[in-house]
Structures are given as structure tokens and as C-alpha cells.
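Visitor: Mapping the sequence shown onto my numbering, position 181 (from 1) lands on 1127, and the numbers just tick up by one.
From the three backbone atoms N, C-alpha and C, an ideal C-beta is built for every residue, glycine too.
In this text, all values refer to a predicted model and were calculated from it rather than measured experimentally.
Below is a structure I'd like to ask you about.
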Amino acid sequence: VNIAGFRVYAMKDGKEIWTARAMVGRPYRKTPVFKGEMKYVVFNPTWTVPPGILRKDILPKLRRDPSYLAQKNFSLVDRNGKRVDPSTVDWSASRFPFQIVQPPGPTNALGEIKFMFPNKHLVYLHDTPSKALFEKTARTFSSGCIRVDRPFELAEVVFGADQGWTQERVQTIRESGKTQTVSLSNPVPVLLLYWTVEPGPDGRVRFMSDVYNRDKRLLEELDEAFKTRI
């Protein structure tokens, strides 16, 4: 993934075999740069609201209007996974011993598929119901995860048609509406990177917006007087 370029690529033997537009984290919730290993894919996923989003986004809205749960088709569950009646909850309390879960479906925040490479950042690639945003030039709309355009094409690439994963098979699982986790027999390396300059296929240099304002600091470091460290 090139975060600055809002794009995701699939590479094989050093060559690009697939690419699509992507959305990345907002400037105040940046997508981190790191390397991971994709180990499984989830079709028709549920979404358990991560702690950061729960604290910063969801709870303030719920304290203003508890009906927000129903509006977004969210379920409230306790630590044992048992559903809790929202009317029994004191939303003003500082302690919140529950989880908020969104079931599979077309309005699910993760869309209909997610690509998992377990990491401490709780970041992964996934579909989105907000597909119109892919038409925007600057696509910093997420809370850190990478939203992928045409994700079911990516699924076919990741699984490999030689293992029987055709678009028809992927579509059948998708249309079932049931959550299904598929482990990868060959885990796929995932690199989340940030670069603002690259050579184009015509040999010309292409410049991208420095959406996280990282080039400025790098240039300042390069302009510093030469120093040696012992």
C-alpha cells in the first residue's frame, strides 16, 4: 500500500499484477507504516468497534443519543458475548464494560470482506459501503485501516485461481451473507509504505501530495549540517 498515493498493489516476482484505489487514515489518525503478513480473509465480517474508535467517536454519540445504536444496526454485548438491552445502560458512567458489534450486511463498516494481517495497530485491508468516496482525489477518510476498491478482485489474487478460487466461487460465498473465515495456505507479505515520488510507466517522475506532512521534516533533516555519531 502506498499511503500517500491512496493505492494498493499486488506484486508477483517483482511485477505489478493488480492495483486499485484505496482510502487511508485521516491526518489526525494516520495509517501507520509497517510490515505484516496476511494470514486469513473474512467474508461477510462482523465489526467489533475498536477501543480507540469506541472511546473517541461512538460513546460521545451514544451519550447524546442512545438510539444511535439502532440507527447503525449495532448490538451491545457483554464480555461473554451476551446481548445487552441498551435501555439498561447508564451511558453517563465513565466505565464501559461492553463491546459494540455490527453484524454482516451491506451497511457494515467493513463492507463484505476483510484481509487480516494481525498487528498491534489493529489495522487491516477491507471493503467499504462508502464506495462513492473512491472518486475523491485525496482519500484520507478512515480511522487508520485501508479501504480497498474492488476488494473481491483482490481476494481472487490473494487466494490464487490455481487453488480453485475463481470469481464465481468468491461471489457464491459473498452472496450467502454468512460470515466465513478462510485461512491462506501461503501467507502474503503486506507492506504499508509512504512515498510521494515515483517513476511512471513512461519514465516521467510522478509527484503525490504529502498528506501527512512527512517530507518537510525529512527535507529539514537533509538540509542540516553533516554530523558524525560515535
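Which runs of the alpha helix (DSSP H) spanning at least 4 residues fall entirely within the segment 990–1067, listed in chain order?
Guide: The segment 990–1067 contains these whole alpha helix (DSSP H) runs: 1005–1010, 1014–1017.
Visitor: Are three or more beta carbon pairs between the segment 1015–1022 and the segment 1034–1046 nearer than 8 Å?
Guide: Touching, per the Cβ criterion.
Visitor: Quick test of your reading: Thr1086 and Val947, contact by CB under 8 Å. State the CB separation rounded to the nearest angstrom.
Guide: Not quite, the Cβ-Cβ distance comes to about 13 Å (not below 8 Å), so this is no contact.
Visitor: Could you tell me the distance, in whole angstroms, from the CA atom of Val1103 to the CA atom of Pro991?
Guide: Their Cα atoms are separated by approximately 19 Å.
Visitor: Which whole-angstrom value is the C-beta distance of Gly1057 and Thr977, which I expect to be below 8 Å?
Guide: Their Cβ separation, rounded to whole angstroms, is 17 Å, which puts Gly1057 and Thr977 out of contact at 8 Å.
Visitor: In chain order, what residues of the same chain lie with their CB nearer than 6 Å to the CB of Asp1073, ignoring the 5 residues before and after it?
Guide: Hits under 6 Å: Gly1057, Glu1058, Ile1059, Pro1097.
Visitor: With a threshold of 7 Å on Cβ separation, who are the neighbours of Asn1065 within its own chain once the five nearest residues in sequence on each side are excluded?
Guide: Cβ neighbours of Asn1065 beyond the five flanking positions: Phe980, Gly982.
Visitor: Please name the residue in Pro1012, Ser1040, Arg1041, Ala1039 whose C-alpha comes closest to that of Asp1031.
Guide: Out of Pro1012, Ser1040, Arg1041, Ala1039, Pro1012 has the C-alpha closest to the C-alpha of Asp1031.
Visitor: For Arg1009, count neighbouring Cβ atoms within 10 angstroms of its own Cβ and tell me buried if that reaches 16, exposed if not.
Guide: That one is exposed.
Visitor: Is the beta carbon of Leu1079 closer than 8 Å to that of Val1094?
Guide: Taking 8 Å as the Cβ cut-off, Val1094 and Leu1079 do not qualify as a contacting pair.
Visitor: With H, G and I counted as helix, E and B as strand and the rest as coil, what does DSSP make of Phe1098?
Guide: The answer is helix: DSSP assigns Phe1098 an H, G or I state.
Visitor: Quickly, what does DSSP pair Gly982 with across the bridge? List them, please.
Guide: Note: Gly982 sits in a beta bridge opposite Val1136.
Visitor: To which residues of the same chain is Val954 closer than 6 Å at the C-beta, ignoring the five residues directly before and after it?
Guide: Counting only Cβ-Cβ distances below 6 Å, and skipping sequence neighbours, we find Val947, Ala966, Ala968, Val1094.
Visitor: Which residues in the same chain have their Cβ closer than 7 Å to the Cβ of Lys1124, if we skip the five residues on either side of it in sequence?
Guide: So the list reads Asn990, once near-sequence residues are dropped.
Visitor: To the nearest angstrom, how far is it from the Cα of Glu962 to the Cα of Ala956?
Guide: Computed Cα separation, rounded: 6 Å.
Visitor: Within the continuous beta strand (DSSP E) that includes Arg1152, where are the two ends?
Guide: Arg1152 -> beta strand (DSSP E) spans 1151–1153.
Visitor: Are there 16 or more other CB atoms within 10 angstroms of the CB of Ile1176, so buried, or fewer, so exposed?
Guide: Flag for Ile1176 reads exposed.
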